[in-house]
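Data block below; observations after.
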Amino acid sequence: MTGKTPYVLGVGMTKFSRIESLEWTYPEMAGEAIRAALGDAGISYADVERAAVGYVFQPSAAGQRVLYDVGLTGIPVVNVNNNCATGSTALNLAQEWVAAGLAEVVLAVGFEQMTRQAMAGSGEPPVITTIDHHLKAMPERGKQGQAPLTTRFFGLAAEEHMSRYGTTAEQLAGVGVKNHEHSTRNPYAQFQNPYTLEQVLGDKPVFGPLTRSQCSPMSDGAAAAVVASPDFVRAHGLEARAVKLLGQSIVTDGESAFSGGSMIDVVGGPMTEVAGQRALRQAGAGIGDIDVIELHDCFSVNELITCEALGLCAPGESGALIDDGATTYGGKWVVNPSGGLISKGHPLGATGLAQCAELTWQLRGEAGERQVAGAQLALAHNLGLGGACVVTVYGAP
1 MTGKTPYVLG
11 VGMTKFSRIE
21 SLEWTYPEMA
31 GEAIRAALGD
41 AGISYADVER
51 AAVGYVFQPS
61 AAGQRVLYDV
71 GLTGIPVVNV
81 NNNCATGSTA
91 LNLAQEWVAA
101 GLAEVVLAVG
111 FEQMTRQAMA
121 GSGEPPVITT
131 IDHHLKAMPE
141 RGKQGQAPLT
151 TRFFGLAAEE
161 HMSRYGTTAE
171 QLAGVGVKNH
181 EHSTRNPYAQ
191 FQNPYTLEQV
201 LGDKPVFGPL
211 TRSQCSPMSD
221 GAAAAVVASP
231 DFVRAHGLEA
241 RAVKLLGQSI
251 VTDGESAFSG
261 GSMIDVVGGP
271 MTEVAGQRAL
281 RQAGAGIGDI
291 DVIELHDCFS
301 VNELITCEAL
311 GLCAPGESGA
321 LIDDGATTYG
331 GKWVVNPSGG
341 LISKGHPLGA
351 TGLAQCAELT
361 WQLRGEAGER
371 QVAGAQLALA
381 HNLGLGGACV
391 VTVYGAP
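Right under this line is the structure:
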């Protein structure tokens, strides 16, 4: 990250939920998040000079559709789709525009209105898919069955983690227990009920060792962030609320993802390691300096894989982090205080910006009952198969 160090000046998000009808449309949900972010920043839409708008399943140019309801100011709008890493990719574009001096105030938006048809696809499978390399690396057992394809990828990674390191079903389920408990304090979360270990273990089987309450649900929702230059922040006296973007790295798959016969690598372990090292290096920090983390727990096993790839522990030791309480309140880090994707929800285009919102509130001391005491440095990890990984390091105002 070079040039003008950008700030997150304002954030907003909707409650994540599951709406089977179209009573709550995607322009309405995105508009709610945008207006909340502008209000939080203390600026008007007229101050925004550019916008990056992310989504996965909505039609082409949906970014213009949602912004036209907020204001018709003629600004450049770039539509972003990077699968589950879409929200953080929009944020990456926004901070790069500000850092390069191309704009003083930029809006990053992510939203999703998910349908079972969109998730399942329709008709015959295409000859070319976005995950051809991933499918070639998948063992035959994973290519069979009715479970969603992403669940099979991560279920196989969970089986590999258990076989290689002795990770237990109880440790995997413990991720779900922790994150569901965290979400009881989050009014924006899709689920707000605690689960016992026995309930998570005994929940509906999905694939391999994964049960339903260890998997992110289908979700609708939106989130937004206002990114501004230091000059704009100072000129308007907004330093007390401006969270600094200290480091950010976006990485795609390298050869190692598919050459080693490891499903842990296929689902993004190497991308996370590289992106995490680069973002922390930019921030001049180590993982031990981080106080609070929002990471991409699309499935419980991915929290374990990500903790290892980010350096919270050595490979194979993430299960012990769960046993020791190292990733919850009173531990070394608080991981997914929002409830994470498992319990907060996972509207694909919104997830990365919802992480930004949560960490902004944490670093300002505005997170209410889920506040991590004295949080000064935060890290977000947002992953998409296909593939992309974005890691961002934030600093308190």
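Residue numbers are given in UniProt numbering: position 168 of the sequence shown equals residue 168, and the series is strictly consecutive. The C-beta atom is built at its ideal place from N, Cα and C for all residues, glycine as well.
Sort out for me which residues DSSP pairs residue i with in a bridge.
i, result
"H381", "V391"
"M13", "A223"
"residue 461", "An answer regarding residue 461 cannot be provided, because it is not within the stretch 1 to 397 covered by the chain."
"Y7", "A228, K244"
"S249", "V391"
"T86", "Note: T86 sits in no beta bridge, so no partner."
"V109", "V53, A224"
"F207", "L210"
Less than 8 Å between the C-beta atoms of residue i and residue j, yes or no?
i, j, result
"L353", "A189", "no"
"A225", "A37", "yes"
"G113", "A173", "A small fix is needed here, since residue 113 is Gln in this sequence, not Gly. Result no, Cβ atoms of Q113 and A173 do not sit closer than 8 Å."
"A279", "V391", "yes"
"S216", "I342", "yes"
"N382", "T360", "no"
"M271", "G387", "yes"
"Y7", "P230", "yes"
"S300", "G176", "yes"
"L67", "V80", "no"
"I19", "V70", "no"
"G39", "A51", "no"
"R164", "G319", "no"
"E366", "R185", "no"
"L379", "I293", "yes"
"A30", "V109", "yes"
"L9", "V233", "yes"
"F258", "A103", "no"
"V11", "A357", "yes"
By alpha-carbon positions, which one of the options ends up nearest to residue i?
i, options, result
"G286", "V393, Q146, R18, L149", "V393"
"L245", "G87, N92, G276, A158", "N92"
"A242", "P397, P205, G12", "P397"
"G374", "F258, D291, V274", "D291"
"L348", "G12, E28, T86, R50", "T86"
"L304", "G284, P205, V267", "V267"
"N193", "L379, H236, S338", "S338"
"Y55", "F111, A314, D231", "F111"
"M13", "I19, E28, Q64", "E28"
"Q95", "L135, H134, E49", "E49"
"V98", "A30, V227, M162, N82", "V227"
"G276", "A357, D297, L312, D265", "L312"
"L295", "L149, G345, A320", "G345"
"K15", "F154, P187, C389", "P187"
"A46", "T73, P59, K178, A61", "T73"
"D297", "G10, D324, K178", "K178"
"C389", "D289, D40, N302", "N302"
"E23", "L321, H180, E273, D220", "D220"
"T150", "A357, A41, N83", "N83"
"Q355", "E159, S88, G330", "S88"
"A283", "H133, A41, Q248", "Q248"
"G237", "E140, A41, V11, T5", "A41"
"G325", "R141, E181, E160", "E181"
When every heavy atom of the ligand SAM is checked, does at least one fall within less than 7 Å of the C-beta of residue i?
i, result
"G12", "Of the ligands one can find in the structure shown there are none, so the ligand SAM has no counterpart to examine."
Would you say residue i faces chain D, with C-beta separation under 8 Å as the test?
i, result
"S60", "Absence of chain D from the displayed structure is noted, only one protein chain being present."
Beta strand (DSSP E) runs contained entirely in the UniProt domain "Thiolase C-terminal" (271-387), provided each spans 3 or more residues: Runs of the beta strand (DSSP E) lying entirely within the UniProt domain "Thiolase C-terminal" (271-387), each at least 3 residues long, are 292-294, 377-384 in chain order.
Stretch pair the stretch 325-334 + the stretch 160-174: three plus CB contacts closer than 8 Å: Three or more beta-carbon pairs separated by less than 8 Å are not found between the stretch 325-334 and the stretch 160-174, which leaves the two stretches without contact.
Segments assigned alpha helix (DSSP H), at least 4 residues, entirely inside the stretch 161-196: Those alpha helix (DSSP H) runs which fall completely within the stretch 161-196 and span 4+ residues are 169-183.
Given 8 Å, three or more beta-carbon pairs between the stretch 193-213 and the stretch 145-152: Verdict: yes, contact present.
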